[in-house]
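Enquirer: Can you keep this structure in mind? I'll have questions shortly.
Numbering (the working numbering), first residue to last: 1 to 462.
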């Protein structure tokens, strides 16, 4: 490697900054965040930089660079567009063995600034050695999305307990195991949720009770979205990749399952209409058993777990059993399928409200309140209604919905297999009999369907 990554302790140390423009301002912001006292040399000073110096015990040494200004400083940054001056600063610093950075001129740098991900006390620096700084920034952006900002709080919490853990465990391997369980377990999740007091209490309990026993388990009820893995939330992805056990439904796409931790125990608990491979009471029992064994359990459900996902029932069982849990929302099918099909659920000219309705009819009979559904200026969205399409259409027509009301079926929405079929209440049953769209499918009823051909953007050639 061209540069050795190091971290400078600049707390209350002077740093010479030459150049008071926009670039100098950016460097000064970094320096004061690290606790440095900025000593500026510049003919003109950016107003924000002037204020920054006043707020952080900095000072302007003068308008012209002089070699004696190097006396006693920790490092030097040249942020000017004067090539001769930059070279002179570089030569003076090298002669005095002072670290120097000439902005955007790697040959004149004895150190470079990395792209910084700040989760203090955790700090990550990414450097290309000046060869591709934009690439380094892009990598930092990717890490920003993967590393929650509350890792900062987790690091602070660990720092407060560091001495206590050292006293509790004399063996370094025991300490490492304790911290691994802490950073990957329920304590960390409390921190990420902003529950700092609960996290500190739980960490103290685990330290007091540390005897080699399995750490406490927890269940994460995670919405997997409609199928496209890029529609997962960051939190869902993080929990999936650290889970010991994953219980997943039929509607979770293979592409999403591929993102789970490779060595996790994968348990299929999917259901089809009239065919529940694992009855709901058995699913509830599995969740409790796996969590009580100390496992981090992800209950992965298609769409959102609280929208026709029976998530509430499972959480009631966990609550009764005293098992801690979290809920991670997912993008529900109504939002995803309508967006990918080019059908806005609300529109100022067509619909001012939306109803989400289950198409699963008890005992194959109509138990829905169709009278509420025939009101104008609303969009109806039916989940799990493909097999009851004819009954749903009949119910709407019998209660006064016009036969020319527009309707769309969206099959396997947001996936490469997505298909969209549009029609009216008068002809959609016949059209579906010919097209044979497959479940899972969403049914959208309302005048907003008129926009589908105009706004369709995804998989339009399929």
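Just so you know, even glycine gets a beta-carbon here, dropped at the ideal spot from N, CA and C.
Check this for me: beta carbons of residue 344 and residue 304, under 8 Å apart or not?
Expert: Locating residue 344 in the chain shown gives position 344, where the first residue counts as 1. Locating residue 304 in the chain shown gives position 304, where the first residue counts as 1. Not in contact: residue 344 and residue 304 (Cβ atoms no closer than 8 Å).
Enquirer: What residue from 421, 166, 346 has the CA that sits closest to residue 334's CA?
Expert: The sequence position of residue 334 within the chain shown is 334, counting from 1. Among 421, 166, 346, the Cα nearest to that of residue 334 is on 346.
Enquirer: Considering only the beta carbon of each residue, do residue 351 and residue 369 sit closer than 8 Å?
Expert: On the chain shown, residue 351 is found 351 positions in, with the first residue counted as 1. On the chain shown, residue 369 is found 369 positions in, with the first residue counted as 1. No; because the gap between Cβ atoms is not below 8 Å, this pair is not in contact.
Enquirer: For residue 379, name the three-state secondary structure that DSSP assigns.
Expert: Position 379 of the chain shown, counted from the start, is the residue given in the question as residue 379. In this structure, residue 379 counts as strand in the three-state DSSP scheme.
Enquirer: Look at the alpha carbon of residue 462 and the alpha carbon of residue 310, and state the distance between them as a whole number of angstroms.
Expert: The count along the chain shown starts at 1 and reaches residue 462 at position 462. The count along the chain shown starts at 1 and reaches residue 310 at position 310. At residue 462, the pLDDT of 46 sits below 50, so the modelled position is not reliable and the matter cannot be decided from this model.
Enquirer: Taking residue 384 and residue 358 to be in contact with their CB atoms under 8 Å, please state how far apart those CB atoms are, rounded to whole angstroms.
Expert: Counted from its first residue, the chain shown places residue 384 at position 384. Counted from its first residue, the chain shown places residue 358 at position 358. With a Cβ gap of about 6 Å, residue 384 and residue 358 count as contacting.
Enquirer: For residue 455 and residue 148, what's the separation of their Cα atoms in angstroms?
Expert: Sequence index remark: in the chain shown, residue 455 carries index 455 (1-based). Sequence index remark: in the chain shown, residue 148 carries index 148 (1-based). Roughly 35 Å between the two C-alpha positions.
Enquirer: State the DSSP-derived secondary structure class of residue 59, mapped to helix, strand or coil.
Expert: Here residue 59 refers to the residue found at position 59 of the chain shown. Strand at residue 59.
Enquirer: Could you have a look at residue 182 and say whether DSSP puts it in helix, strand or coil?
Expert: Numbered from its first residue, the chain shown carries residue 182 at position 182. In this structure, residue 182 counts as helix in the three-state DSSP scheme.
Enquirer: Secondary structure at residue 353, three-state DSSP: helix, strand or coil?
Expert: Reading the chain shown from its first residue, position 353 is the one you call residue 353. Residue state, collapsed to three classes: strand.
Enquirer: Under 8 Å by Cβ, that's how I've got residue 250 and residue 271 pegged, so tell me the actual separation to the nearest angstrom.
Expert: Here residue 250 is taken as the residue at index 250 of the chain shown, counted from 1. Here residue 271 is taken as the residue at index 271 of the chain shown, counted from 1. Sure, about 6 Å apart at Cβ, within 8 Å.
Enquirer: Buried or exposed, going by whether 16 or more other CB atoms sit within 10 Å of the CB of residue 316?
Expert: As a first step, residue 316 must be located in the chain shown, where it is residue number 316. Classification of residue 316: exposed, given that the 10 Å Cβ count is below 16.
Enquirer: Could you tell me the alpha carbon to alpha carbon distance between residue 464 and residue 202, rounded to whole angstroms?
Expert: Past the boundaries of the shown model lies residue 464; the chain is included only from 1 to 462, so the question cannot be answered.
Enquirer: Are the beta-carbon atoms belonging to residue 125 and residue 109 less than 8 Å from one another?
Expert: One-based indexing of the chain shown puts residue 125 at position 125. One-based indexing of the chain shown puts residue 109 at position 109. No, they are not a contact pair.
Enquirer: For residue 313, which residues of its own chain have a beta-carbon under 8 Å away from its beta-carbon, when the five flanking residues on both sides are left out?
Expert: Looking up residue 313 in the chain shown gives position 313. So the list reads 280, 284, once near-sequence residues are dropped.
Enquirer: Could you check where the beta strand (DSSP E) with residue 496 kicks off and where it finishes?
Expert: Because the chain spans 1 through 462 in this model, residue 496 falls outside it and cannot be assessed.
Enquirer: Please state whether DSSP places residue 420 in a helix, a strand or coil.
Expert: By one-based count along the chain shown, residue 420 stands at place 420. Residue 420: strand per DSSP, three-state reduction.
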